[in-house]
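Undergrad: Quick note, the sequences are listed as chains R and A, same order. Under the numbering used here, the first residue of the first sequence carries the number 140, and numbering increases by one thereafter. Under the numbering used here, the first residue of the second sequence carries the number 140, and numbering increases by one thereafter. All C-beta atoms in this analysis are idealised placements derived from N, C-alpha and C, irrespective of residue type, glycine included. What you are looking at is a predicted structure, and each value in this text was computed from that prediction instead of being measured.
2 protein chains.
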Amino acid sequence: MNLATNTKIRMTRQRQQILDHLSSVKTHPIADELYQMVRQQMPRISLGTVYRNLEILSDSGIIQKIDVGGTQKRFDADISNHAHIRCVKCGCVGDLDVHIDVDFEDAARKACDFEVLRHRLEYSGICPDCKDKKAVLM
Amino acid sequence: MNLATNTKIRMTRQRQQILDHLSSVKTHPIADELYQMVRQQMPRISLGTVYRNLEILSDSGIIQKIDVGGTQKRFDADISNHAHIRCVKCGCVGDLDVHIDVDFEDAARKACDFEVLRHRLEYSGICPDCKDKKAVLM
DNA sequence: ATTGTATATAGTAACGATTTCTATTATCAT
DNA sequence: ATGATAATAGAAATCGTTACTATATACAAT
Ligand SMILES: [Mn+2]
Ligand SMILES: [Mn+2]
Ligand SMILES: [Zn+2]
Ligand SMILES: [Zn+2]
Numbered sequence: 140m141n142l143a144t145n146t147k148i149r150m151t152r153q154r155q156q157i158l159d160h161l162s163s164v165k166t167h168p169i170a171d172e173l174y175q176m177v178r179q180q181m182p183r184i185s186l187g188t189v190y191r192n193l194e195i196l197s198d199s200g201i202i203q204k205i206d207v208g209g210t211q212k213r214f215d216a217d218i219s220n221h222a223h224i225r226c227v228k229c230g231c232v233g234d235l236d237v238h239i240d241v242d243f244e245d246a247a248r249k250a251c252d253f254e255v256l257r258h259r260l261e262y263s264g265i266c267p268d269c270k271d272k273k274a275v276l277m
Numbered sequence: 140m141n142l143a144t145n146t147k148i149r150m151t152r153q154r155q156q157i158l159d160h161l162s163s164v165k166t167h168p169i170a171d172e173l174y175q176m177v178r179q180q181m182p183r184i185s186l187g188t189v190y191r192n193l194e195i196l197s198d199s200g201i202i203q204k205i206d207v208g209g210t211q212k213r214f215d216a217d218i219s220n221h222a223h224i225r226c227v228k229c230g231c232v233g234d235l236d237v238h239i240d241v242d243f244e245d246a247a248r249k250a251c252d253f254e255v256l257r258h259r260l261e262y263s264g265i266c267p268d269c270k271d272k273k274a275v276l277m
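1) Find the nearest neighbour of A:F214 within the set A:S263, A:A170, A:I265, judged by alpha-carbon distance.
2) Could you check whether A:D206 and A:H221 sit closer than 8 Å to each other, using their CB atoms as the reference points?
3) Would you mind working out which of A:S199, A:G230, A:G209, A:I224 sits nearest A:A216, comparing C-alpha positions?
4) For R:R154 and R:S163, what's the separation of their Cα atoms in angstroms?
5) Would you list, in chain order, the members of the region 251–277 of chain A that have their beta-carbon closer than 8 Å to a beta-carbon of chain R?
6) Within 10 Å of its beta-carbon, does A:A247 have 16 or more other beta-carbons around it, so buried, or fewer, so exposed?
7) Run through DSSP, which three-state label would A:K204 get?
8) Heavy atom of ligand 2 less than 7 Å from the Cβ of A:H160, yes or no?
9) For the region 161–201 of chain A, which segments carrying the alpha helix (DSSP H) assignment without a break, of at least 4 residues, lie completely within its bounds, in sequence order?
10) What do you reckon, is the C-beta of R:D268 under 7 Å from a heavy atom of ligand 3?
11) What is the rounded straight-line gap between the Cα of A:I239 and the Cα of R:R152?
12) With a threshold of 7 Å (Cβ to nearest heavy atom), would A:I265 be considered close to ligand 4?
Here is the structure:
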């Protein structure tokens with residue numbers, strides 16, 4: 140299951156907490172980070188519940204799962220179309236509103252025999268914090 | 140260690156086989172697929188050796204490790220700058236020579252506080268084989 | 001060709017992220 | 001309030017990848 144389903148989902152206390160916490164941050168947390176956040180309010184929640192709900196919420200199109208390399212998937216309550224940049228030093232992920240006026244899919248259609256569906260633009264670099272740390276060491 | 144190192148590496152029989160097999164295909168195989176290929180010639184090679192050598196070869200800049208989503212990393216003996224497209228049905232990965240005349244890094248620099256280093260453009264779609272299979276079912 | 005030594009190997013165990021399993025509990029349309 | 005269905009906690013399992021270790025190999029110097 141990968142696209143948004145139109146099945147209505149039950150709103151459990153756990154699911155609501157996960158969604159609330161994810162909505163309140165701009166950091167693109169991994170599953171375990173959300174687990175730690177929600178545990179403050181619900182100490183008995185299980186990590187499996189966090190994983191399952193993140194899956195259900197992203198399948199429903201309410202949040203998005205993002206894969207910017209590295210070993211862990213990240214999650215974003217902002218489902219608008221925007222790019223991401225990952226810090227090669229600390230692994231943090233930031234938003235990036237680049238608007239490049241190019242029809243990417245169309246360009247790709249001319250270059251292969253696939254039925255082109257979507258594209259993803261991802262950046263890597265060094266975040267402000269890590270830039271500062273580097274400066275201190277010099 | 141992530142960038143090309145200038146340390147010279149020993150050429151073992153195992154390493155040569157892995158490199159030869161990878162160079163002979165255009166399929167962007169995963170580690171286990173290369174393991175199966177090399178096993179035809181060297182039945183005693185261990186999967187750990189395949190993983191270690193793929194790491195060493197990509198650190199040396201001789202091959203590239205590519206991450207196009209999904210759970211497994213893929214490898215490519217073609218180190219030229221080109222994009223990839225992944226089939227959402229079967230997971231196969233194809234090459235894509237799209238040349239979009241845009242300074243991606245520069246566009247990103249204006250949109251965030253990161254020191255922008257590089258970008259990656261990735262596509263997903265349906266490969267020719269899976270298009271045919273779908274047609275047969277209709 | 002022989003040697004020395006740093007590096008690589010096979011085989012196996014460990015790891016870490018994610019998924020699956022199952023008995024119990026909660027949601028929500030009726 | 002009831003009951004059908006979906007969700008939960010907690011634990012075990014899965015799977016890609018990495019680490020460990022005793023033995024073997026590559027290769028530069030002799
Ligand atoms: Mn975002
Ligand atoms: Mn390629
Ligand atoms: Zn950073
Ligand atoms: Zn396909």
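TA: Taking the definition as stated:
1) A:A170
2) One thing to note: A:H221 has its Cβ no nearer than 8 Å to the Cβ of A:D206.
3) A:S199
4) 14 Å
5) C251, D252, F253, E254, V255, L256, R257, H258, R259, L260, E261, Y262, S263, G264, I265, C266, P267, K270
6) Burial call: buried.
7) strand
8) no
9) 170–180, 186–198
10) yes
11) 47 Å
12) True, at least one ligand heavy atom lies under 7 Å from that Cβ.
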